[in-house]
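Accompanying notes for the structure given below.
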Amino acid sequence: MQRRFIPALMLFVALLLLLAGLGARMTSVPAISFAAETKEIYLTFDDGPSTSVTEKVLDILKEEDVRATFFIVGDRVQGREKTLRRIAAEGHTIGVHSQTHVYSEIYSSADALLRDAESCAETIRRVTGISPRVYRFPGGGKHPASAKLLRKRGYRIVSWNAVCGDEEIRGADADTLYASAVKTAEGKDPVILLLHDSASHRPTAEALPRIIAHFRAEGYTFSAF
Ligand SMILES: [Zn+2]
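In terms of the numbering used here, the sequence shown has 720 at position 208, counting the first letter as 1, and numbering is strictly consecutive.
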């Protein structure tokens with residue numbers, strides 16, 4: 513081979529090696545498909561804090577090493593400051609679910625809703641030192657105008673796509689709640705599961721270990737907002 517072709521040949525070989533390397537990287541998809549197979553569930557508890565149910569829920573989450581999100585009602589914090597601080601101290605997320613949970617007041621105007629949200633946020637700040645960044649509309653729904661204003665104030669609006677039925681099914685026992693959580697979450701990823709931890713929801717706490725076990729067995733990881 514003529515000597516003057518050698519640099520060109522070396523360049524060609526280097527280019528081939530580079531392409532081969534790129535190809536190898538592109539075909540190493542298992543890491544990518546593994547990420548896609550990681551399913552996620554968010555356990556979200558509304559309407560607390562309560563003394564009995566929230567504390568029980570926290571005990572279970574601690575035992576299971578699971579983080580959750582608590583959308584709290586500001587007016588229900590008084591006398592339960594310790595419980596609210598425990599939610600924060602154990603690594604869960606505290607979100608705003610209104611100060612009063614009285615629909616006629618909150619939804620009377622966009623201004624009223626913002627004032628109410630701020631009032632709840634202030635309660636959370638005063639008790640825990642944390643500024644909440646997530647919001648859930650009382651009663652659910654979309655409320656696009658208010659959502660826009662809340663987003664402007666830095667809130668992420670969180671809805672749900674599965675329910676355990678503790679508000680929807682009157683008098684539901686733990687078995688029913690577990691079955692509803694499983695059924696309504698079927699095939700979803702991520703799952704955002706609605707649960708309640710106000711005082712009347714003992715069966716929810718009772719169903720929680722089974723709910724966690726089910727989604728864990730299904731390959732879900734538990735996340736908080
Ligand atoms: Zn609520």
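Backbone N, C-alpha and C fix where the C-beta goes; we use that ideal spot for every residue, glycine too. These figures come from a predicted structure and were not determined experimentally.
Per DSSP, the continuous alpha helix (DSSP H) segment holding S564 begins and ends at 564-576.
With distances taken between CA atoms, R598 lies nearest to T640 out of Y690, L626, E679, T640. Near ligand 1, meaning a beta-carbon closer than 6 Å to one of its heavy atoms, we find D558, D559, H609, H613, P650. Membership of T581 in any alpha helix (DSSP H) is not indicated; the residue belongs instead to the beta strand (DSSP E) covering 581-584. Counting the other Cβ atoms within 10 Å of the Cβ of D678 gives 16 or more, which makes it buried. Spatial neighbours of D628 in its own chain (CB-CB distance under 8 Å, excluding positions within 5 residues in sequence) are listed in chain order as S610, Q611, T612, E617, I618. When the Cα atoms are used, K654 and K664 turn out to be separated by approximately 16 Å.
DSSP places A684 outside both helix and strand once states are collapsed to three, so it counts as coil.
In the displayed model, K660 falls within a helix according to three-state DSSP. For S631, the enclosing alpha helix (DSSP H) has its first and last residue at 622-640.
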